[in-house]
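Colleague:
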C-alpha cells in the first residue's frame, strides 16, 4: 500500500460548483498534513496546512480524520483559476522526518 | 528574496554521462529534499537531509548521490545517466520537518 494515496482524477467541475476529494495515508504516526497546489510544469506551492480541528481559508476547507486516516479538501464556488493538481503531503514525524507526497488530484474547472 | 535556487533549469544528457544538479537556499533551513516527478505523477523522494553533514535515502535513491557540506547547499549527483532518470527534479527546504516546504523551480532532465 502506498504511504499517501490520492484519486488522480481529473475532476471536471463546472464553474461555481463545489468539489471535494480525499487523501489517505498509511502511517498512523503521521503528525503533519498539508495540501499543496501545483500548476502545470511549475513547482508545488503550499495551499494550506491541515489541523486536527479542520481549517478554512476562503473558499477552501481542509479536514483531518485520524480515525480513518484521511484528509480532505473542499473547494466552494470553483473558479477557472482553481484548475490545477492538488497534492496531499504528509510528514511521518518520528517514523521519518520527511515529507511524503501523494500522486496528486487533478481538478479542471470549466465555464 | 532568492529562496531555493536550482541550476540548471534544463539539461539533456547522453546515456552514461554524469552531472550534478545544484540546489541552494538562503533561508537557513535545516531540512532539504530532492524529489523527482515523472509526467502525470506525484513527487517521489530521492534523498533528504536534516542538517549539514547528515543525509538519508528516500523512496528512490538508486542511481543518485547527495552531500550536505553546508546548510545552504544540497547538490544531487547522477552517475551513469539512464533513460529512466528522465524527469523533473525539484529541490525543497523546510525549517523543520513539519513546516511549509519551499521549492525551487525545478530542473528538467532528459537522458537520451
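Chains as they are written, first to last, in the numbering used here: chain L, 1 to 111; chain U, 112 to 223. C-beta atoms are modelled at their ideal positions from N, C-alpha and C, and glycine is treated no differently. Bear in mind the structure is a predicted one, so any value in this text is a computation, not a measurement.
On the premise that residue 196/U lies in contact with residue 187/U, defined as a C-beta separation below 8 Å, what is that separation, rounded to the nearest angstrom?
Modeller: Here residue 187/U is taken as the residue at index 76 of the second chain, counted from 1. Here residue 196/U is taken as the residue at index 85 of the second chain, counted from 1. With 8 Å as the limit, residue 187/U and residue 196/U do not qualify as a contact, their Cβ atoms being about 11 Å apart.
Colleague: For my contact list, residue 114/U and residue 138/U are in at a C-beta cut-off of 8 Å; report their separation, rounded to the angstrom.
Modeller: Translated into positions along the second chain, residue 114/U becomes position 3. Translated into positions along the second chain, residue 138/U becomes position 27. About 7 Å separates the two Cβ atoms, so the contact holds.
Colleague: Give, in chain order, every residue of the segment 202–216 of chain U whose Cβ lies closer than 9 Å to some Cβ of chain L.
Modeller: Within the segment 202–216 of chain U, the qualifying residues are 203, 205, 207, 208, 209, 210, 211, 212, 213, 214, 215 and 216.
Colleague: Quick check on the burial criterion: 16 or more other C-beta atoms within 10 angstroms. Buried or exposed for residue 207/U?
Modeller: Here residue 207/U refers to the residue found at position 96 when the second chain is read from its first residue. Exposed, since its Cβ has fewer than 16 Cβ neighbours within 10 Å.
Colleague: Evaluate the contact criterion for the segment 27–37 of chain L versus the segment 46–54 of chain L: three or more CB pairs, one atom per stretch, below 8 Å.
Modeller: Yes: at least three Cβ pairs fall under 8 Å.
Colleague: Anyone know if the C-beta pair for residue 179/U and residue 203/U falls short of 8 Å?
Modeller: Within the second chain, the letter at position 68 stands for residue 179/U. Within the second chain, the letter at position 92 stands for residue 203/U. Contact flag unset, no.
Colleague: Can you tell me which of the three DSSP states residue 14/L falls into?
Modeller: For the purposes of this step, residue 14/L is taken as residue 14 along the first chain, with counting starting at 1. Correct three-state label for residue 14/L: strand.
Colleague: How long is the line joining the alpha carbons of residue 9/L and residue 20/L, rounded to whole angstroms?
Modeller: Counted from its first residue, the first chain places residue 9/L at position 9. Counted from its first residue, the first chain places residue 20/L at position 20. Distance between the alpha carbons of residue 9/L and residue 20/L is about 11 Å.
Colleague: Does residue 114/U get closer than 8 Å to chain L when you measure Cβ to Cβ?
Modeller: Stepping through the second chain from its first residue, residue 114/U is reached at position 3. For residue 114/U, the answer is no, since every Cβ of chain L falls outside 8 Å of its Cβ.
Colleague: Along chain U, which residues have their Cβ under 9 Å away from the Cβ of residue 31/L?
Modeller: Against the first chain, residue 31/L aligns to sequence position 31. Simply 208 and 209.
Colleague: At the level of alpha carbons, what is the spacing between residue 7/L and residue 101/L?
Modeller: Taking the first residue of the first chain as position 1, residue 7/L is located at position 7. Taking the first residue of the first chain as position 1, residue 101/L is located at position 101. Approximately 13 Å between the Cα atoms of the pair.
Colleague: Given a limit of 9 Å on CB to CB distance, which residues of the segment 39–58 of chain L reach chain U?
Modeller: So the close ones are 41, 42, 43, 44, 45, 46 and 49.
Colleague: The beta strand (DSSP E) with residue 56/L in it runs from where to where?
Modeller: In the first chain, residue 56/L corresponds to position 56, counting from 1. Residue 56/L -> beta strand (DSSP E) spans 55–57.
Colleague: Pop quiz: residue 183/U and residue 136/U are said to be a contact at Cβ under 8 Å. What is the actual Cβ separation, rounded to whole angstroms?
Modeller: Reading the second chain from its first residue, position 72 is the one you call residue 183/U. Reading the second chain from its first residue, position 25 is the one you call residue 136/U. So it is a contact: roughly 6 Å between Cβ atoms.
Colleague: Which same chain residues, not among the five before or five after residue 165/U, have their C-beta less than 8 Å away from its C-beta?
Modeller: Sequence index remark: in the second chain, residue 165/U carries index 54 (1-based). Around residue 165/U: 179.
Colleague: For the ligand MG, any of its heavy atoms closer than 7 Å to the Cβ of residue 85/L?
Modeller: Absence of the ligand MG from the depicted structure is noted, as is the absence of any ligand whatsoever, leaving it without description.
Colleague: Have a look at residue 13/L and residue 129/U and give me their C-alpha separation to the nearest angstrom.
Modeller: Here residue 13/L is taken as the residue at index 13 of the first chain, counted from 1. Here residue 129/U is taken as the residue at index 18 of the second chain, counted from 1. Those two C-alpha atoms are separated by around 44 Å.
Colleague: For residue 223/U, count the other beta carbons within 10 Å of its own beta carbon; 16 or more makes it buried, fewer makes it exposed. Which is it?
Modeller: Residue 223/U sits at position 112 when you count from the first residue of the second chain. Residue 223/U is exposed by the Cβ-count criterion.
Colleague: Answer with buried or exposed for residue 121/U, where buried requires no fewer than 16 other C-beta atoms within 10 angstroms of its C-beta.
Modeller: Numbered from its first residue, the second chain carries residue 121/U at position 10. So residue 121/U ends up on the exposed side.
Colleague: Counting only Cβ-Cβ distances shorter than 9 Å, please list the residues of the segment 154–184 of chain U near chain L, keeping chain order.
Modeller: Residues passing the 9 Å Cβ filter: 154, 155, 156, 159, 161, 167, 169 and 170.
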